[in-house]
Amino acid sequence: MSIFEQRESDIRAYCRVYPVVFDKAINARQTDEDGKEYIDFFAGAGVLNFGHNNPRMKTAMINYLQNDGVLHSLDMHTTAKRAFMERFVTTILEPRNMPHKLQFMGPTGTNAVEAALKLARRATGRSDIVAFTKGFHGMTLGSLACTANQYFRGAAGIPLLHVEHQPFGCEKPCSGCEMGCGVANIEALRGQYSDASSGISPPAAFLVETIQAEGGVNVAHKAWLTALAQLAKDFGSLLIIDDVQVGIGRTGSFFSFDDYGIDPDIVCLAKGIGGMGTPMAVNLVKPEIDQHWSPGEHTGTFRGQSLSFVAGAEMLSYFEDDSFMDEVKAKAKVMAGALAPLEKLSAVQVRGKGMILGLDVGNGENAKAIVNQCFDKGLLIASCGTGGRVVKLIPPLTIPDSDLQEGLDILVQTAQTVLE
Ligand code: PMP
Numbered sequence: 001m002s003i004f005e006q007r008e009s010d011i012r013a014y015c016r017v018y019p020v021v022f023d024k025a026i027n028a029r030q031t032d033e034d035g036k037e038y039i040d041f042f043a044g045a046g047v048l049n050f051g052h053n054n055p056r057m058k059t060a061m062i063n064y065l066q067n068d069g070v071l072h073s074l075d076m077h078t079t080a081k082r083a084f085m086e087r088f089v090t091t092i093l094e095p096r097n098m099p100h101k102l103q104f105m106g107p108t109g110t111n112a113v114e115a116a117l118k119l120a121r122r123a124t125g126r127s128d129i130v131a132f133t134k135g136f137h138g139m140t141l142g143s144l145a146c147t148a149n150q151y152f153r154g155a156a157g158i159p160l161l162h163v164e165h166q167p168f169g170c171e172k173p174c175s176g177c178e179m180g181c182g183v184a185n186i187e188a189l190r191g192q193y194s195d196a197s198s199g200i201s202p203p204a205a206f207l208v209e210t211i212q213a214e215g216g217v218n219v220a221h222k223a224w225l226t227a228l229a230q231l232a233k234d235f236g237s238l239l240i241i242d243d244v245q246v247g248i249g250r251t252g253s254f255f256s257f258d259d260y261g262i263d264p265d266i267v268c269l270a271k272g273i274g275g276m277g278t279p280m281a282v283n284l285v286k287p288e289i290d291q292h293w294s295p296g297e298h299t300g301t302f303r304g305q306s307l308s309f310v311a312g313a314e315m316l317s318y319f320e321d322d323s324f325m326d327e328v329k330a331k332a333k334v335m336a337g338a339l340a341p342l343e344k345l346s347a348v349q350v351r352g353k354g355m356i357l358g359l360d361v362g363n364g365e366n367a368k369a370i371v372n373q374c375f376d377k378g379l380l381i382a383s384c385g386t387g388g389r390v391v392k393l394i395p396p397l398t399i400p401d402s403d404l405q406e407g408l409d410i411l412v413q414t415a416q417t418v419l420e
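So the sequence shown is numbered by UniProt numbering: it starts at 1 and just counts up by one.
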């Protein structure tokens with residue numbers, strides 16, 4: 001065993017241990033050091049929406065380095081940061097009439113969520129947060145308190161910040177789900193908040209994903225999310241949308257909530273916002289909420305990673321017109337069409353939206369067998385959800401049609417073999 005393997009192989013906190021060492025990657029194909037190729041249906045869990053080594057982003061970064069661009073600047077202005085912000089405002093915010101300010105929180109998703117929780121408490125003067133069953137928001141203590149999964153929460157070893165988890169209103173509840181999710185639950189909360197004798201007061205914020213990606217690819221029902229947004233508004237609670245995994249084009253539009261008709265107070269973005277694995281996290285914050293921070297009150301060293309701004313600005317060029325999102329919608333149709341026949345098998349359900357789909361195969365053992373056999377056949381894919389029972393498809397949005405088809409064929413054949 002090499003020194004590398006001795007030191008690396010038994011780190012118990014790692015969960016994705018493949019018996020190979022990856023070396024190179026282009027778009028949706030990754031190669032191990034023995035030259036075996038894999039199709040990537042995992043895409044860094046939403047980091048690599050624009051593929052590995054995206055040529056536009058790579059060229060922009062090489063040029064920036066060759067021109068001795070400033071690589072790090074804490075909170076100071078740089079040309080790279082300005083270019084990213086200007087493009088973000090003109091391409092993403094202005095067309096949607098979003099007045100939100102950009103607060104860089106970097107480098108990871110949990111940094112964005114932590115800052116959002118802190119700001120919501122500060123802005124409302126309230127301490128409680130409401131999150132949702134099966135939600136995932138990160139691994140640091142505040143975001144972990146909002147994450148529902150008991151296995152992850154147990155890792156903290158001590159009681160966490162108190163966060164109430166209300167049932168998530170799924171569009172397609174899993175079979176056997178008795179969560180009582182839906183609009184009725186929102187109306188019950190409304191009754192409690194309106195009744196002083198209930199002893200239950202409205203929270204500082206509701207923190208929610210429109211699609212619970214780690215939680216099993218559960219898509220929020222539109223009526224439920226709209227009712228939640230209205231509840232937040234009526235009771236002075238902030239609506240925080242965690243778009244860390246399913247934002248940045250994944251669902252066929254830049255924000256996953258674009259077609260929900262809601263107006264979030266804070267939007268948390270990370271993963272794909274940095275372009276091609278270059279870390280960045282940013283919160284979009286309504287100006288009247290932003291003013292509750294005092295200068296320097298919330299800091300973080302890596303909020304100014306210039307290469308992330310450079311790659312991120314190139315990433316935004318994919319959203320200058322509708323053509324890229326039309327391509328994503330077309331690929332999404334191919335994905336949904338390929339998986340649909342599997343729903344005929346007992347206990348199988350397909351959920352998702354755009355280019356994130358979950359194949360719920362009823363239990364973790366079946367999902368694990370599918371994931372492992374796919375790996376042997378050259379397809380990288382992960383599982384998620386309760387007990388790991390959902391196989392999650394989240395390929396790069398830029399995946400060529402032929403790679404998408406090849407990956408889907410491997411997955412469908414493998415799932416049929418395992419499940420029949
Ligand atoms: N929110 C969501 C919805 C996520 O999926 C994740 C990561 N899987 C996070 C927050 C945390 O992001 P990070 O791992 O970059 O801290």
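Ideal Cβ placement from N, Cα and C applies to all residues, glycine included.
Non-local C-beta neighbours of residue 286 in its own chain, meaning closer than 7 Å and more than five positions away in sequence, comprise 99, 100, 265, ordered along the chain. Of 104, 365, 198, the smallest CA-CA separation from residue 300 is found for 104. Rounded to whole angstroms, the separation of the alpha carbons of residue 137 and residue 109 is 8 Å.
Excluding the 5 residues flanking it on each side, residue 111 has same chain C-beta neighbours closer than 7 Å at 105, 281, 300, in chain order. Around the ligand PMP, the residues selected by a Cβ distance under 6 Å to any of its heavy atoms are 45, 108, 109, 110, 113, 136, 137, 138, 209, 213, 214, 242, 244, 245, 270, following chain order. The DSSP assignment places complete beta strand (DSSP E) segments of no fewer than 3 residues inside the stretch 282–340 at 282–285, in order along the chain. Relative to the Cα of residue 410, the nearest Cα in the group 204, 327, 38 belongs to 38. In this structure, residue 304 lies away from residue 274, with their beta-carbon atoms at least 7 Å apart. In summary, residue 349 is buried, with 16 or more beta-carbon neighbours lying within 10 Å of its beta-carbon over all protein chains present.
By the Cβ rule, the stretch 388–400 counts as touching the stretch 359–366, because three or more pairs are nearer than 8 Å. Counting other Cβ atoms within 10 Å of its Cβ, residue 252 reaches 16 or more and is therefore classed as buried.
DSSP, read as helix, strand or coil, puts residue 37 in strand. Around the beta carbon of residue 164, fewer than 16 other beta carbons sit within 10 angstroms, so the residue counts as exposed. Residue 215 has its alpha-carbon roughly 12 Å from the corresponding atom of residue 351.
Taking the Cβ atoms as the reference, residue 88 lies roughly 6 Å from residue 316, within the contact range of under 8 Å.
If you ignore the 5 residues before and after residue 192, its C-beta comes within less than 6 Å of the C-beta of 198, 200, all in its own chain and listed in chain order. For residue 229, the closest alpha carbon among the candidates 195, 189, 217, 249 is that of 189.
Considering only 302, 269, 413, 354, the residue with the shortest C-alpha distance to residue 284 is 269. Taking every protein chain shown into account, the CB of residue 398 has 16 or more other CB atoms within 10 angstroms, so this residue is buried. In this structure, DSSP gives residue 84 a helical state, which the three-state scheme calls helix. The C-alpha of residue 159 lies about 44 Å from the C-alpha of residue 61. Inter-residue distance for residue 261 and residue 172 is about 20 Å (C-alpha atoms, whole angstroms). If you look at residue 383, you'll find it in the beta strand (DSSP E) that goes 382–384. For residue 319, the closest C-alpha among the options 95, 6, 44 is that of 95. In the three-state reduction of the DSSP assignment, residue 345 falls in the coil class.
For residue 268, no alpha helix (DSSP H) run applies; the uninterrupted beta strand (DSSP E) run containing it begins and ends at 266–269, by DSSP. Cβ-Cβ distances below 7 Å link residue 379 to 38, 39, 41, 407, 410, 411 in the same chain, with the five nearest sequence neighbours on each side left out; the list follows chain order. In this structure, the straight-line span from the alpha carbon of residue 117 to that of residue 35 is close to 45 Å.
Linking residue 18 to residue 393 through their CA atoms gives a straight-line distance of about 18 Å. Here residue 134 really is in contact with residue 168; their C-beta atoms are around 6 Å apart, less than 8 Å. Taken through DSSP and simplified to helix, strand or coil, residue 115 comes out as helix.
Residue 129 carries a strand assignment under DSSP once its states are collapsed to helix, strand and coil. As DSSP reads the structure, residue 358 sits in a beta bridge with 351, 392.
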